[in-house]
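Comments concern the structure below.
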Amino acid sequence: MAQFTGFLPETIDFLWELRMNNHKAWMEENRERYRRVLKEPFDALSAELTQRLLAEMSDLQMEYAVSRINRDVRFSKDKSPYKARKWVVLKEPAMMTGQWKTRPVFYFELMPEGYECGMGFYEGKPAYMQAFRRKIDAAPKRFARLAGALAKHTEFQLYGECYKRPMGKGGYPPEIMEWYQRKTLGLSMSRPVDERLFSADLIDFVLQEWKKLEPMYRFLREIPTE
0 MAQFTGFLPE
10 TIDFLWELRM
20 NNHKAWMEEN
30 RERYRRVLKE
40 PFDALSAELT
50 QRLLAEMSDL
60 QMEYAVSRIN
70 RDVRFSKDKS
80 PYKARKWVVL
90 KEPAMMTGQW
100 KTRPVFYFEL
110 MPEGYECGMG
120 FYEGKPAYMQ
130 AFRRKIDAAP
140 KRFARLAGAL
150 AKHTEFQLYG
160 ECYKRPMGKG
170 GYPPEIMEWY
180 QRKTLGLSMS
190 RPVDERLFSA
200 DLIDFVLQEW
210 KKLEPMYRFL
220 REIPTE
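Here it is in C-alpha coordinates:
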(Lines of atoms letter the chains of each structure in order from A; the text may use other names.)
(Lines give C-alpha, C1' and ligand atoms only; values in the text may rest on other atoms or scores of the structure.)
Protein backbone atom coordinates (compact mmCIF):
# COMPACT_ATOMS: atom_id res chain seq x y z
CA MET A 0 0.00 0.00 0.00
CA ALA A 1 1.25 3.50 -0.82
CA GLN A 2 2.56 5.67 2.01
CA PHE A 3 0.25 8.40 3.27
CA THR A 4 1.53 11.83 2.21
CA GLY A 5 -1.60 13.84 2.98
CA PHE A 6 -4.99 14.35 1.40
CA LEU A 7 -5.46 16.56 -1.64
CA PRO A 8 -7.38 19.84 -1.66
CA GLU A 9 -9.58 18.04 -4.19
CA THR A 10 -10.49 15.56 -1.43
CA ILE A 11 -12.47 18.25 0.37
CA ASP A 12 -13.96 19.48 -2.91
CA PHE A 13 -15.10 15.93 -3.64
CA LEU A 14 -16.82 15.57 -0.26
CA TRP A 15 -18.67 18.87 -0.66
CA GLU A 16 -19.77 17.95 -4.17
CA LEU A 17 -20.92 14.52 -3.05
CA ARG A 18 -23.03 16.10 -0.32
CA MET A 19 -24.68 18.34 -2.91
CA ASN A 20 -25.02 15.59 -5.57
CA ASN A 21 -25.81 12.53 -3.51
CA HIS A 22 -27.15 10.21 -6.19
CA LYS A 23 -25.92 7.21 -8.15
CA ALA A 24 -25.45 8.95 -11.51
CA TRP A 25 -23.07 11.52 -10.06
CA MET A 26 -21.07 8.89 -8.19
CA GLU A 27 -20.73 6.72 -11.28
CA GLU A 28 -19.31 9.68 -13.17
CA ASN A 29 -16.87 10.36 -10.33
CA ARG A 30 -15.99 6.80 -9.26
CA GLU A 31 -12.35 7.02 -10.39
CA ARG A 32 -12.01 10.41 -8.76
CA TYR A 33 -13.39 8.95 -5.50
CA ARG A 34 -10.76 6.20 -5.62
CA ARG A 35 -7.92 8.62 -6.30
CA VAL A 36 -8.66 11.52 -3.95
CA LEU A 37 -10.46 9.80 -1.07
CA LYS A 38 -10.38 6.01 -0.89
CA GLU A 39 -6.71 5.34 -1.58
CA PRO A 40 -5.25 8.09 0.65
CA PHE A 41 -7.71 7.24 3.42
CA ASP A 42 -6.79 3.56 3.27
CA ALA A 43 -3.10 4.49 3.43
CA LEU A 44 -3.73 6.76 6.42
CA SER A 45 -5.68 4.02 8.23
CA ALA A 46 -3.00 1.38 7.73
CA GLU A 47 -0.19 3.67 8.86
CA LEU A 48 -2.09 4.93 11.91
CA THR A 49 -2.70 1.35 13.00
CA GLN A 50 0.90 0.30 12.47
CA ARG A 51 2.25 3.30 14.37
CA LEU A 52 -0.19 3.02 17.28
CA LEU A 53 0.54 -0.68 17.74
CA ALA A 54 4.26 0.09 17.78
CA GLU A 55 3.64 2.46 20.70
CA MET A 56 1.13 0.20 22.50
CA SER A 57 2.84 -3.11 21.78
CA ASP A 58 0.96 -5.01 24.51
CA LEU A 59 -2.38 -4.43 22.75
CA GLN A 60 -3.91 -6.11 19.73
CA MET A 61 -5.93 -3.93 17.38
CA GLU A 62 -7.06 -3.92 13.79
CA TYR A 63 -8.69 -1.22 11.72
CA ALA A 64 -11.99 -0.97 9.89
CA VAL A 65 -12.76 1.74 7.33
CA SER A 66 -16.28 2.88 6.54
CA ARG A 67 -17.83 2.15 3.17
CA ILE A 68 -18.99 5.03 1.00
CA ASN A 69 -22.41 3.41 0.53
CA ARG A 70 -25.10 4.01 3.14
CA ASP A 71 -27.41 1.29 4.45
CA VAL A 72 -30.76 2.92 3.69
CA ARG A 73 -33.02 -0.06 4.46
CA PHE A 74 -34.27 1.32 7.77
CA SER A 75 -33.64 5.04 7.24
CA LYS A 76 -35.97 7.78 6.09
CA ASP A 77 -32.96 9.41 4.46
CA LYS A 78 -32.47 7.48 1.22
CA SER A 79 -29.27 9.28 0.16
CA PRO A 80 -27.12 6.42 -1.12
CA TYR A 81 -23.69 7.71 -0.08
CA LYS A 82 -21.87 9.09 2.96
CA ALA A 83 -20.21 12.47 2.42
CA ARG A 84 -17.67 11.54 5.10
CA LYS A 85 -15.29 8.69 5.84
CA TRP A 86 -14.05 7.21 9.11
CA VAL A 87 -11.69 4.59 10.45
CA VAL A 88 -11.86 2.83 13.83
CA LEU A 89 -9.07 0.96 15.58
CA LYS A 90 -10.76 -1.89 17.41
CA GLU A 91 -10.06 -5.12 19.22
CA PRO A 92 -9.52 -7.91 16.67
CA ALA A 93 -11.59 -10.96 15.80
CA MET A 94 -14.92 -9.56 16.93
CA MET A 95 -18.24 -10.59 15.46
CA THR A 96 -19.83 -8.29 12.89
CA GLY A 97 -20.98 -5.13 14.62
CA GLN A 98 -19.78 -6.23 18.06
CA TRP A 99 -16.94 -3.70 17.98
CA LYS A 100 -19.55 -0.95 18.24
CA THR A 101 -20.13 -1.89 21.90
CA ARG A 102 -16.42 -1.77 22.81
CA PRO A 103 -14.06 1.24 23.10
CA VAL A 104 -12.34 2.24 19.86
CA PHE A 105 -10.04 4.98 18.63
CA TYR A 106 -11.42 6.81 15.62
CA PHE A 107 -10.62 9.38 12.97
CA GLU A 108 -13.27 10.91 10.69
CA LEU A 109 -12.98 13.18 7.66
CA MET A 110 -15.88 15.34 6.46
CA PRO A 111 -16.31 18.42 4.23
CA GLU A 112 -16.07 20.81 7.18
CA GLY A 113 -12.91 19.29 8.64
CA TYR A 114 -11.97 16.28 10.73
CA GLU A 115 -12.47 14.66 14.13
CA CYS A 116 -10.57 12.18 16.23
CA GLY A 117 -11.22 10.62 19.57
CA MET A 118 -12.11 7.50 21.50
CA GLY A 119 -15.33 5.95 22.71
CA PHE A 120 -18.27 3.75 21.78
CA TYR A 121 -20.67 3.77 18.89
CA GLU A 122 -23.22 1.93 21.07
CA GLY A 123 -22.92 1.68 24.84
CA LYS A 124 -25.04 -1.31 25.91
CA PRO A 125 -26.77 -1.00 29.31
CA ALA A 126 -25.00 -4.10 30.69
CA TYR A 127 -21.61 -2.69 29.75
CA MET A 128 -22.36 0.73 31.23
CA GLN A 129 -23.54 -0.92 34.44
CA ALA A 130 -20.21 -2.74 34.59
CA PHE A 131 -18.50 0.60 33.93
CA ARG A 132 -20.23 2.13 36.98
CA ARG A 133 -19.32 -0.90 39.13
CA LYS A 134 -15.70 -0.43 38.11
CA ILE A 135 -15.84 3.21 39.22
CA ASP A 136 -17.49 2.16 42.50
CA ALA A 137 -14.69 -0.32 43.12
CA ALA A 138 -11.95 2.32 42.77
CA PRO A 139 -13.36 5.86 42.64
CA LYS A 140 -10.01 7.49 43.43
CA ARG A 141 -8.38 5.77 40.47
CA PHE A 142 -11.15 6.97 38.18
CA ALA A 143 -10.98 10.49 39.62
CA ARG A 144 -7.29 10.63 38.66
CA LEU A 145 -8.08 9.45 35.11
CA ALA A 146 -10.93 11.94 34.70
CA GLY A 147 -8.84 14.74 36.20
CA ALA A 148 -5.97 14.11 33.80
CA LEU A 149 -8.34 14.15 30.82
CA ALA A 150 -10.01 17.36 32.01
CA LYS A 151 -6.69 19.15 31.38
CA HIS A 152 -7.03 18.34 27.67
CA THR A 153 -9.77 20.85 27.01
CA GLU A 154 -9.64 20.22 23.26
CA PHE A 155 -11.60 17.01 23.88
CA GLN A 156 -15.33 17.10 24.58
CA LEU A 157 -17.08 14.35 26.54
CA TYR A 158 -20.20 13.19 24.69
CA GLY A 159 -23.04 10.73 25.29
CA GLU A 160 -26.61 11.01 26.53
CA CYS A 161 -27.06 11.10 30.32
CA TYR A 162 -29.67 9.49 32.54
CA LYS A 163 -31.98 12.03 34.16
CA ARG A 164 -32.14 10.29 37.52
CA PRO A 165 -29.04 9.46 39.60
CA MET A 166 -27.54 6.08 38.80
CA GLY A 167 -25.95 3.58 41.18
CA LYS A 168 -24.41 4.82 44.38
CA GLY A 169 -24.10 8.40 43.18
CA GLY A 170 -22.80 11.00 45.58
CA TYR A 171 -19.58 11.46 43.65
CA PRO A 172 -18.15 14.89 42.81
CA PRO A 173 -19.23 16.46 39.48
CA GLU A 174 -16.03 15.47 37.67
CA ILE A 175 -16.93 11.80 38.25
CA MET A 176 -20.70 12.11 37.91
CA GLU A 177 -20.46 13.58 34.42
CA TRP A 178 -19.04 10.19 33.40
CA TYR A 179 -21.06 8.04 35.77
CA GLN A 180 -24.42 9.23 34.46
CA ARG A 181 -23.79 8.42 30.79
CA LYS A 182 -25.81 5.94 28.76
CA THR A 183 -22.86 5.81 26.40
CA LEU A 184 -19.73 7.92 26.18
CA GLY A 185 -16.75 9.08 24.23
CA LEU A 186 -14.26 11.88 23.81
CA SER A 187 -14.09 13.85 20.58
CA MET A 188 -11.96 16.66 19.19
CA SER A 189 -12.97 18.60 16.06
CA ARG A 190 -10.78 20.63 13.72
CA PRO A 191 -11.67 22.68 10.63
CA VAL A 192 -9.93 22.08 7.33
CA ASP A 193 -6.30 23.10 7.81
CA GLU A 194 -2.90 22.58 6.22
CA ARG A 195 -2.26 19.53 8.40
CA LEU A 196 -4.82 17.55 6.39
CA PHE A 197 -2.67 17.90 3.29
CA SER A 198 0.53 16.65 4.91
CA ALA A 199 1.94 13.41 6.33
CA ASP A 200 2.11 15.36 9.62
CA LEU A 201 -1.55 14.44 10.09
CA ILE A 202 -0.46 11.00 11.31
CA ASP A 203 1.77 12.40 14.05
CA PHE A 204 -0.98 14.78 15.13
CA VAL A 205 -3.69 12.08 15.40
CA LEU A 206 -1.35 9.71 17.27
CA GLN A 207 -0.41 12.50 19.67
CA GLU A 208 -4.08 13.15 20.42
CA TRP A 209 -4.96 9.47 20.75
CA LYS A 210 -2.11 8.99 23.24
CA LYS A 211 -3.78 11.50 25.56
CA LEU A 212 -6.78 9.16 25.67
CA GLU A 213 -4.82 5.94 26.19
CA PRO A 214 -5.24 5.70 30.01
CA MET A 215 -9.03 5.98 29.75
CA TYR A 216 -9.08 3.58 26.79
CA ARG A 217 -7.27 0.99 28.89
CA PHE A 218 -9.69 1.52 31.79
CA LEU A 219 -12.66 0.93 29.48
CA ARG A 220 -11.00 -1.96 27.68
CA GLU A 221 -10.54 -3.83 30.99
CA ILE A 222 -14.33 -4.19 31.30
CA PRO A 223 -15.15 -7.67 29.94
CA THR A 224 -17.66 -8.29 27.18
CA GLU A 225 -20.65 -10.19 28.53
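Here the sequence shown stands for residues 0 to 225, numbered as in numbering that gives the first Met the number 0.
Even for Gly, the Cβ is constructed at its ideal location relative to N, Cα and C.
Cα-Cα separation between residue i and residue j, rounded to whole angstroms
{"i": "arginine 73", "j": "serine 79", "result": "11 Å"}
{"i": "proline 111", "j": "alanine 83", "result": "7 Å"}
{"i": "glutamate 208", "j": "methionine 188", "result": "9 Å"}
{"i": "tyrosine 33", "j": "glycine 167", "result": "49 Å"}
{"i": "arginine 70", "j": "lysine 85", "result": "11 Å"}
{"i": "aspartate 58", "j": "tryptophan 99", "result": "19 Å"}
{"i": "leucine 201", "j": "arginine 18", "result": "24 Å"}
{"i": "valine 88", "j": "arginine 181", "result": "21 Å"}
{"i": "proline 191", "j": "glycine 113", "result": "4 Å"}
{"i": "glutamate 16", "j": "valine 36", "result": "13 Å"}
{"i": "aspartate 136", "j": "glutamate 91", "result": "26 Å"}
Minimum C-alpha distance to residue i - residue among the options
{"i": "alanine 150", "options": "Gly170, Cys161, Met215", "result": "Met215"}
{"i": "leucine 212", "options": "Ala199, Ala126, Gly117", "result": "Gly117"}
{"i": "proline 8", "options": "Met128, Arg195, Gly159", "result": "Arg195"}
{"i": "lysine 210", "options": "Phe13, Leu52, Glu154, Ala24", "result": "Leu52"}
{"i": "asparagine 29", "options": "Gly147, Tyr121, Gln2, Ile68", "result": "Ile68"}
{"i": "arginine 132", "options": "Phe13, Met176, Arg164, Ser66", "result": "Met176"}
{"i": "isoleucine 11", "options": "Leu157, Glu27, Phe41", "result": "Phe41"}
Counterpart residues of residue i in DSSP-defined beta bridges
{"i": "glycine 159", "result": "DSSP output for glycine 159 lists no bridge partner at all."}
{"i": "asparagine 69", "result": "Tyr81"}
{"i": "valine 88", "result": "Ala64, Tyr106"}
{"i": "glycine 5", "result": "Glycine 5 pairs with nothing; no bridge assigned."}
{"i": "methionine 118", "result": "Phe105, Leu186"}
{"i": "glycine 113", "result": "Met110, Pro191"}
Chain B contact for residue i (CB, 9 Å cutoff)
{"i": "isoleucine 175", "result": "The chain inventory of the structure shown lacks chain B, comprising one protein chain alone."}
Is the number of C-beta pairs between the region 100–118 and the region 140–150 that are closer than 8 Å three or more? no
If you scan the region 136–193 from start to end, which runs of the beta strand (DSSP E) of 3 or more residues do you find wholly inside it? Given a length threshold of 3 residues, each whole run of the beta strand (DSSP E) inside the region 136–193 is given here in chain order: 156–158, 185–191.
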